[in-house]
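J.: First residue of the sequence shown: 10, per this note's numbering; consecutive thereafter.
Backbone N, C-alpha and C fix where the C-beta goes; we use that ideal spot for every residue, glycine too.
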Amino acid sequence: MRAWLLGFIFLLVQNASAVPFESQKFAISAPSPWAVKAAETTYKKGGNVVDMAVASALTLAVTSPYYAALGGGGFALVKIKNNVEALDFREMAPSASNPDYFLEKEKGATETGGAAVATPGVPAGLVALHKKYGKLKWNQLFETALFLAQKGFPVSGEWSSVTRKTENRFSASGKKYFMNKEKHFAPGDTFKQPALAKAITLLRDKGAAGFYEGPIAQDLVASVKKAKGEMTLADLKKYKVRWLKPLQMSYAGYTIHMMPPPSSGGVITMSALKLFDYGKLQEVTPQSSDEYHFIAEILKRSFRGRSLLGDPDFSKNPIELLTSETYLRQQLKEISASKAIDVEPVDLNSFESGETTHFSIMAENGDAVSFTVTLNGYYGSAVVSDKYGIALNNEMDDFNTRPGEANQFGLIQGDANKVEPGKRPLSSMSPTIVELDGKTELVIGAPGGPRIISAVIQVLYRFLITKMDIDSAIQAPRVHHQTQPNKLYVDPQRLQSDTRNALTAKGHVLEESPIAKVYGVARHPSGWLQASFDSRGEGAAGGL
Ligand code: DON
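Printed below as a string of structure tokens:
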């Protein structure tokens, strides 16, 4: 391996940490050491948290294309000078789509191939973030991403296994770009992306127009068409991000800022935390089977209304009802301490699997970015653009694509989330920022479909109420319930067998399932910043 690459990796390894990484000026928790490196490089140039977030996201588009490629979308919660705003750069349904769009198509069409692709939002999201809050020049944010795309980087175990699993779904270009002459890259092999480097250079030099118009746009449209999709140049040109007002709640003296619809995350989190409070969960022994029982019963009831939610530009979301004290106290009355009680969903909701990622950044002055980005499934639709090697999402699968009919996981979504042109699908992504007396205390988020929400809820509870440090709160065993199906998903390795037995005895139907991975930065009472990532998967924490 060349000396420069070794030197680069050495710097990175110094920052990798599974216990809270501590620093003073800024801290980041991210899925990959390359994102940490990009943030540090940007900070040293004089960048603020938004500059760091943009540089880290660009870097992840290079190093973790299966969940962070430019062909995806996401949400960011941004706190700058005491003002918290939400940016929605989620993908939009192309103009050719409609509520019946998938009825005549084969079942897998929502997940693999061109029809699954919704108009990407990542490049527009990064431009919008930088335009509103960036301090450095736009072209100063590309150094790490371009370096790694051009010179290559050693692929991680996650990169290698996720890419291997996608082989049978990849378009011809997917195989061309992400396999090594029909063989797989193994961990440690160097992977270069000169074509993607050209696309990133166009984005650097021309801004959003460099992606949504011109040769990249033409490449995306032609590649989607070849894979039987209908996204057009006009869809790309029309793409717009939205700045939204975050949902906000007071909880145990803290102020929590959460993602509003089209995420279901904030609404469900607010319902669950209020139920924890009304039900006095803090009086139950932490991490006992009784505590997990109450958490499960509360999650079940908080997810009940998920399918009433959708894109706020298309339908009115009953947020006030779902988070009202009257409705929630009614839910609480149905909970028994001794046994699990089934509930009918207010409407049905979805199980999602696949790939998303998250990073959290906090600076000394409390400025913060909580950034979640996704392609939905591994490499999204598995359509990779022919000329630039850009992986494209399959976010259409987050819509209710076949009303009333179960998807491949045996589940159904609500009417408010049916496919409509220009609409954004309902999401579970939950970037979250917590303040105490105006000071930033915690920045968290996670990948993992609906498990994101239950993970964020449990880490908030462990950190804010049971007063665990950020690392212990993230690593603690978790459970997940989403009303439908009536199963209690448990952490495969972490939940003790006596706790499982006690939960089964109360009537819960347990199933082992991967639990979302949380990335968080907290302010320690000493004033230092602490960053921690979930040891359930790859990650890195760092800062200066
Ligand atoms: O927006 C959503 O809720 C999904 N597209 C997220 C998918 C996801 O988190 C998968 N990650 N592991």
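1) How long is the line joining the alpha carbons of E300 and L497, rounded to whole angstroms?
2) Express the C-alpha separation of K90 and S32 in angstroms, rounding to a whole number.
3) By how many angstroms is the C-alpha of H302 removed from the C-alpha of F285?
4) As an exercise, report each continuous alpha helix (DSSP H) stretch of at least 4 residues that is fully enclosed by the stretch 64-116, in chain order.
5) Which first and last residues belong to the beta strand (DSSP E) in which S259 is found?
6) If you reduce the DSSP assignment to three classes, tell me which class T554 lands in.
7) Is it right to say N107 is buried, meaning 16 or more other beta carbons lie within 10 angstroms of its own, or is it exposed?
8) Residue range of the beta strand (DSSP E) that K448 falls in?
9) Would you say the beta carbon of G238 is closer than 7 Å to some non-hydrogen atom of the ligand DON?
10) Leaving out the 5 sequence neighbours to the left and right, which residues in its chain are closer than 6 Å to H29 when beta-carbon positions are compared?
11) For R411, count the other beta carbons within 10 Å of its own beta carbon; 16 or more makes it buried, fewer makes it exposed. Which is it?
12) Apart from the five residues on each side of it in sequence, which residues of its chain come closer than 8 Å, Cβ to Cβ, to L256?
13) Where does the unbroken beta strand (DSSP E) through R251 begin, and where does it stop?
14) For the ligand DON, is there any heavy atom lying closer than 7 Å to the beta carbon of G554?
15) Can you tell me whether DSSP reads K141 as helix, strand or coil?
16) DSSP has T410 in a bridge; who is on the other side?
17) Among F98, D97, V63 and A95, which has the Cα closest to the Cα of F151?
18) Determine the extent of the beta strand (DSSP E) in which F194 is found, giving its start and end residues.
19) Which same chain residues end up closer than 6 Å to S26 when comparing Cβ atoms and leaving out the 5 residues on each side of it in sequence?
20) Quick one: does the C-beta of G122 sit closer than 7 Å to a heavy atom of the ligand DON?
21) Label L330 either buried or exposed according to how many other C-beta atoms from any shown protein chain fall within 10 Å of its C-beta, with 16 as the threshold for buried.
22) Helix, strand or coil for R532 per DSSP?
23) Using a Cβ-based criterion (distance less than 7 Å to any ligand heavy atom), does T365 qualify as near the ligand DON?
24) Run the CB neighbour count on P534, radius 10 Å, all protein chains shown included, and call it buried at 16 or more, exposed below.
T.: Considering the structure as presented:
1) Taking the sequence shown and counting its residues from 1, one reaches residue 300 at position 291. Taking the sequence shown and counting its residues from 1, one reaches residue 497 at position 488. Distance between the alpha carbons of E300 and L497: 14 Å.
2) By 1-based counting over the sequence shown, the position of residue 32 is 23. By 1-based counting over the sequence shown, the position of residue 90 is 81. Annotation: S32 to K90 spans about 20 Å, alpha carbon to alpha carbon.
3) Taking the sequence shown and counting its residues from 1, the one referred to as residue 285 is at position 276. Taking the sequence shown and counting its residues from 1, the one referred to as residue 302 is at position 293. For F285 and H302, the gap between their C-alpha atoms comes out near 12 Å.
4) Here the runs fully enclosed are 74-77.
5) In the sequence shown, residue 259 corresponds to position 250, counting from 1. Looking at the DSSP string, the run of the beta strand (DSSP E) that includes S259 is L256 to Y260.
6) Outside the displayed range of the chain (10 to 553) lies residue 554, so it cannot be described from this structure.
7) Position 98 of the sequence shown holds residue 107. Burial check for N107: the Cβ neighbour count within 10 Å stays below 16, so the residue is exposed.
8) Counting from one through the sequence shown, the residue named residue 448 turns up at place 439. DSSP places K448 inside the beta strand (DSSP E), whose first and last residues are K448 to G454.
9) By one-based count along the sequence shown, residue 238 stands at place 229. No.
10) To locate residue 29, count along the sequence shown from 1; it is residue 20. The question names His, but residue 29 is Pro in the sequence shown. Same-chain partners within the cutoff: I479, D480, Q539 and S541.
11) Residue 411 sits at position 402 when you count from the first residue of the sequence shown. It is buried - the Cβ of R411 has at least 16 other Cβ atoms within 10 Å.
12) Residue mapping note: residue 256 aligns to position 247 of the sequence shown, counting from 1. Once the five neighbours on either side are set aside, the close Cβ partners of L256 are H266, M267, M268, P269, G275, V276, M279 and I328.
13) Taking the first residue of the sequence shown as 1, we reach residue 251 at position 242. First-last of the beta strand (DSSP E) with R251: R251 to L253.
14) Since the displayed the chain opens at 10 and closes at 553, residue 554 lies outside it and no answer follows.
15) As a first step, residue 141 must be located in the sequence shown, where it is residue number 132. In the three-state reduction of the DSSP assignment, K141 falls in the helix class.
16) Your numbering for residue 410 matches position 401 in the sequence shown. Beta-bridge partners of T410 (DSSP): none assigned.
17) Translated into the one-based positions of the sequence shown, residue 151 becomes position 142. Answer by Cα proximity: V63.
18) The sequence position of residue 194 within the sequence shown is 185, counting from 1. Here F194 belongs to no beta strand (DSSP E), and DSSP marks it neither H nor E.
19) Counting from one through the sequence shown, the residue named residue 26 turns up at place 17. Its pLDDT being 46, under 50, S26 is placed unreliably in this model, and the value from its coordinates should be taken loosely. Counting only Cβ-Cβ distances below 6 Å, and skipping sequence neighbours, we find A550.
20) As a position in the sequence shown, residue 122 is number 113, starting the count at 1. Result no, Cβ not under 7 Å from the ligand DON.
21) Here residue 330 corresponds to residue number 321 of the sequence shown, with the count starting at 1. Taking all protein chains in view, the Cβ of L330 is surrounded by fewer than 16 other Cβ atoms within 10 Å, so the residue is classified as exposed.
22) Taking the sequence shown and counting its residues from 1, one reaches residue 532 at position 523. Note: R532 maps to strand in three-state DSSP.
23) Along the sequence shown, one-based indexing puts residue 365 at 356. Yes.
24) For this step, residue 534 is matched to residue 525 along the sequence shown. Burial call: exposed.
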